[in-house]
Amino acid sequence: MSYHNLEDLEVYQLAESFSDEIWFIVHEWDYFAKDTVGKQIVRSADSIGANIAEGYGRFHYKENRNFCYFSRGSIIETKGWLKKSKTRSLLSEEQFSELFEKLQSIHLKLNAYLKFIGKANSTKPD
Numbered sequence: 000m001s002y003h004n005l006e007d008l009e010v011y012q013l014a015e016s017f018s019d020e021i022w023f024i025v026h027e028w029d030y031f032a033k034d035t036v037g038k039q040i041v042r043s044a045d046s047i048g049a050n051i052a053e054g055y056g057r058f059h060y061k062e063n064r065n066f067c068y069f070s071r072g073s074i075i076e077t078k079g080w081l082k083k084s085k086t087r088s089l090l091s092e093e094q095f096s097e098l099f100e101k102l103q104s105i106h107l108k109l110n111a112y113l114k115f116i117g118k119a120n121s122t123k124p125d
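This is how it looks when you write it as structure tokens:
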């Protein structure tokens with residue numbers, strides 16, 4: 000398994016699609032919700048794909064791995080903002096469940112990608 004372009008990476012595609020979905024949901028919120036929770040959830044969701052991209056562009060796999068860890072942190076942060084959004088009635092139970100499930104899938108695929116880049120490196124000398 001080899002990735003020649005960042006766009007070939009499924010976890011990146013899913014992260015980008017997810018963050019766009021968050022953007023369009025938050026765009027419909029009122030000013031106060033956008034200015035508080037909205038900015039935070041958009042930033043954390045955008046950070047998932049941004050960190051995958053930055054790590055992908057790094058020369059050394061250890062740097063790539065570190066940025067994937069940052070991305071994983073952003074996934075956890077976004078889960079927290081999703082919960083707050085549901086609690087504060089900014090998301091319906093159905094929206095929350097759908098978004099949380101998508102985020103969980105991204106989380107699992109990111110973990111698999113981390114394993115892949117670790118294995119790919121173990122077959123090459125440093």
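Residue numbering for the sequence shown follows numbering that gives the first Met the number 0, beginning at 0 and increasing consecutively. Don't be surprised by glycine CBs; every beta carbon is placed ideally from N, CA and C. These numbers were taken from a predicted model, which means no experiment stands behind them.
Rounded to the nearest whole angstrom, the C-alpha separation of residue 120 and residue 60 is 7 Å.
Residue 81 and residue 91 have their C-alpha atoms some 11 Å from each other. Rounded to whole angstroms, the gap between the alpha carbons of residue 62 and residue 21 is 28 Å. One thing to note: residue 13 has its Cβ within 8 Å of the Cβ of residue 104. Taking one beta carbon from each stretch, the stretch 50-60 and the stretch 26-35 have fewer than 3 pairs nearer than 8 Å; the two do not touch. Excluding five sequence positions before and after residue 48, the CB atoms of its chain that fall closer than 7 Å to its own CB belong to 11, 14, 15 and 18, given in chain order. Counting only runs that start and end inside the stretch 5-43, the alpha helix (DSSP H) elements of at least 4 residues fall at 9-26.
The Cβ-Cβ distance between residue 52 and residue 5 falls below 8 Å.
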